[in-house]
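Colleague: Sequential numbering of the sequence shown, starting at 47, is according to our numbering.
Below is a structure I'd like to ask you about.
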Amino acid sequence: MQPEKYDVVVVGAGIGGLGVGALLAHSGYKTLVVEKCDFVGGRFSSYEYEGFTLPTGAVTIHYKDTETEQIFKEVGAELELIDAPTLFYRIAGKDYEMPPKGAIGTGLDIINRLEEDKAKVLGGFAKAMGKEKILGAFRSGTKEPDKEKGITFKDWLLQYTDNEMAHGIFDTIVSTLAAAHSYEISAQAVFSFFVAMKGFRDVGIPARGNRVNMENLAKAVKANGDVWTNCLAKRIVVERGRAKGIVVEKDGGEVEIEAQVVLSNVGPKATVELIGEDNFKEDYLRNLRVNLKPKPVTMVFVASDRPLWPEDGRAAILMVVGARRITSVIPLSSISPQLAPPGQHLLFAFGSPVSNEVRMDVEVEQEQILKDIKEQFPLFEKHGRVIKFDSRNVDDELPEMRTRVGIVVAVETPVKDLYNVGDGCPIMGYTGSNAAAETAVRVAGIVRKQYKPGKA
Ligand SMILES: Cc1cc2nc3c(=O)[nH]c(=O)nc-3n(C[C@H](O)[C@H](O)[C@H](O)COP(=O)(O)OP(=O)(O)OC[C@H]3O[C@@H](n4cnc5c(N)ncnc54)[C@H](O)[C@@H]3O)c2cc1C
């Protein structure tokens with residue numbers, strides 16, 4: 047059988063794959079995206095579960111003035127997000143509302159006040175933290191992140207304070223946003239993240255789940271190509287060091303697709319497997335082994351017959367300081383009621399294991415998270431139930447992130463006409479779904495420069 051011909055073929059329909067596919071289809075390249083699942087979006091999607099709409103991954107989407115927004119705008123696809131509501135920090139069991147700007151300073155003020163109260167009760171003097179000194183050093187860090195290359199963020203902070211609550215706040219922020227504990231990543235990485243992603247600002251929550259958004263992107267691909275779901279790519283065809291196309295399983299048979307350029311969204315390691323390790327030099331393979339540090343996570347979804355937090359049902363987001371595992375809590379149905387069936391509520395929490403370096407014991411993680419939920423939300427025992435735990439281990443095919451903030455992996459590969467897209471190839475300071483979107487924009491730029499559309 048004659049191979050099918052496209053200008054561009056993309057393996058995987060995550061935000062990276064569909065993003066680059068949509069951009070190139072829109073620029074006149076006849077594009078095919080193949081996806082092995084029966085839905086599009088990968089870890090940027092959603093599914094129905096007992097009447098609730100649950101995320102497959104990303105929930106807090108950095109979108110304003112980001113590459114994610116750029117992709118949807120450029121191809122004319124709708125991105126349905128609700129702006130993130132007010133943020134609260136739970137410190138020492140009490141909730142504090144954060145201002146839209148300056149949340150870190152407010153958090154440090156609260157800690158100083160709590161220390162004063164403690165000193166009043168116990169007698170003696172409160173050990174005041176030099177808030178201005180910390181904020182000043184933080185600002186300098188964001189101006190010149192590269193100066194803070196050699197130390198972890200925790201060691202950086204220890205130069206200014208050893209206050210446990212202050213370390214707790216920063217660890218919660220870093221774990222939630224930068225996908226590693228403060229003792230696991232460099233201060234340079236954290237500052238670069240704050241510069242690139244603007245912390246927790248400009249975030250949106252998918253109104254009806256991200257699947258709707260990704261189906262909108264798939265439509266943009268189909269305007270000048272196709273998206274095949276239920277279609278596993280079995281190998282990438284390489285001849286004399288150049289990618290020529292792919293072979294997929296479709297309708298029970300094998301189909302060969304030829305293209306000028308092959309883009310892979312399956313992660314750099316899985317891309318190598320689709321070709322065979324023997325085709326790569328040891329240097330390249332070692333670089334991937336060292337730099338790809340997948341992030342484990344457990345998400346817990348809790349249903350209830352009344353809102354568990356905030357108890358009045360307002361839309362809000364909570365960062366919990368000092369819990370066993372949970373760091374952030376999002377009452378999804380208070381933000382978008384259509385995510386739960388009528389009369390029910392849906393809350394979800396992220397649980398970060400103590401170490402992101404090693405395999406987590408899933409059973410232990412889930413036990414610890416359940417203890418947190420019971421302790422943090424008194425209404426849970428009477429009104430709530432866990433509908434699902436979703437744990438992603440370090441060696442899972444779809445971890446939380448393929449690598450952590452501060453690690454840079456190239457989109458170029460040693461094979462000509464083959465590029466990677468997705469969160470396994472971030473630039474400095476990027477992580478999560480927008481890291482994947484950034485690769486889509488970058489690789490679309492490379493393709494537009496090096497290949498002419500209309501050859502297929
Ligand atoms: C639990 C969890 C929570 C998260 N929370 C957030 C968050 O709040 N905010 C945020 O920004 N990010 C978050 N992330 C990270 C974010 O979801 C990812 O960084 C991003 O979606 C990754 O996109 P990607 O383009 O790299 O590809 P992926 O989503 O990994 O997509 C790759 C696709 O390739 C397909 N595929 C694989 N092999 C083949 C093959 N051989 N043939 C065909 N198809 C194949 C897969 O099925 C998949 O659909 C979270 C992730 C998880 C798991």
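We put the CB at the ideal spot given by N, CA and C, even for glycine.
In this text, all values refer to a predicted model and were calculated from it rather than measured experimentally.
What first and last residue would you give for the beta strand (DSSP E) that runs through Gly176?
Modeller: First-last for Gly176: undefined, no H or E at that position.
Colleague: Leaving out the 5 sequence neighbours to the left and right, which residues in its chain are closer than 7 Å to Gly392 when beta-carbon positions are compared?
Modeller: According to the sequence provided, residue 392 is Leu. The question's Gly does not apply to it. Counting only Cβ-Cβ distances below 7 Å, and skipping sequence neighbours, we find Phe98, Phe347, Ala349, Leu378, Ser379, Leu385 and Ala386.
Colleague: Strictly by DSSP, which residues pair up with Leu425?
Modeller: For Leu425, which the question treats as bridged, DSSP gives no partner whatsoever.
Colleague: Closest to Ala505 by CA distance: which of Ile157, Ser382, Gly139 and Gly63 is it?
Modeller: Because residue 505 is not part of the residues shown, which for the chain are 47 to 502, the question remains open.
Colleague: By alpha-carbon positions, which one of Glu302, Leu331 and Lys166 ends up nearest to Lys280?
Modeller: Selected option, being the one with the closest Cα: Glu302.
Colleague: Going by DSSP, name the residue or residues bridged to Asn466.
Modeller: Bridge partners of Asn466: Ser310.
Colleague: Would Ala486 and Ile117 be called neighbours here (beta carbons separated by less than 8 Å)?
Modeller: Yes. Within cutoff.
Colleague: Whose CA, out of Ile492, Gly452, Met447 and Pro49, lies closest to the CA of Val312?
Modeller: Of the candidates Ile492, Gly452, Met447 and Pro49, the one whose C-alpha sits nearest the C-alpha of Val312 is Met447.
Colleague: Rounding to the nearest angstrom, what Cα-Cα distance links Gln422 and Leu181 in this structure?
Modeller: Their backbone Cα atoms lie some 29 Å apart in a straight line.
Colleague: How would you write the range of the alpha helix (DSSP H) that Lys51 sits in, first residue to last?
Modeller: Careful: Lys51 lies outside any alpha helix (DSSP H), inside the beta strand (DSSP E) at Glu50 to Val57.
Colleague: Asn270 to Ile61, Cα distance in whole Å?
Modeller: Their backbone Cα atoms lie some 18 Å apart in a straight line.
Colleague: Could you give the residue range of the alpha helix (DSSP H) that holds Met447?
Modeller: Run containing Met447: none; DSSP gives neither H nor E here.
Colleague: Mind checking whether the beta-carbon of Ala456 lies closer than 7 Å to any heavy atom of ligand 1?
Modeller: Ala456 Cβ: outside cutoff for every heavy atom of ligand 1.
Colleague: Since Leu133 sits in a beta bridge, which residues does DSSP pair it with?
Modeller: Ile363, per the DSSP bridge assignment.
Colleague: On the three-pair Cβ rule with 8 Å, is the segment 363-374 touching the segment 411-420?
Modeller: Yes, the segment 363-374 touches the segment 411-420.
Colleague: Taking one C-beta from the segment 83-92 and one from the segment 259-274 each time, how about it: are there three or more such pairs within less than 8 Å?
Modeller: Because the criterion of three Cβ pairs below 8 Å is met, the segment 83-92 and the segment 259-274 touch.
Colleague: Return the Cβ separation of Glu124 and Asn262 in integer angstroms, given the expectation that the two are a contact with Cβ distance under 8 Å.
Modeller: Contact flag correct, Cβ pair sits at about 5 Å.
Colleague: Where DSSP assigns a beta bridge to Tyr229, which residues make up the other side?
Modeller: Answer is none; Tyr229 lacks a bridge partner.
Colleague: For Gln390, which residues from the same chain have a beta carbon less than 6 Å from its beta carbon, with the 5 sequence-adjacent residues on both sides left out?
Modeller: Cβ neighbours of Gln390 beyond the five flanking positions: Ala349.
Colleague: According to DSSP, simplified to helix, strand and coil, what is Ser437?
Modeller: In the structure shown, Ser437 sits in a strand (DSSP, three-state: E or B).
Colleague: Considering only residues of the segment 115-170, which uninterrupted beta strand (DSSP E) runs meet the minimum length of 3 residues and lie entirely inside it, listed in chain order?
Modeller: Runs of the beta strand (DSSP E) inside the segment 115-170: 127-129, 133-137 and 140-143.
Colleague: Are the Cβ atoms of Gly74 and Val56 separated by less than 8 Å?
Modeller: Taking 8 Å as the Cβ cut-off, Gly74 and Val56 do not qualify as a contacting pair.
Colleague: Which same chain residues, not among the five before or five after Ile453, have their C-beta less than 6 Å away from its C-beta?
Modeller: Closer than 6 Å at Cβ, skipping near neighbours: Asn337.
Colleague: Between the alpha carbons of Arg159 and Leu223, how many angstroms are there, rounded?
Modeller: Answer to the nearest angstrom: the Cα atoms are 26 Å apart.
Colleague: Do Asn256 and Ala482 count as a contact pair if the criterion is CB distance below 8 Å?
Modeller: Not closer than 8 Å, so no.
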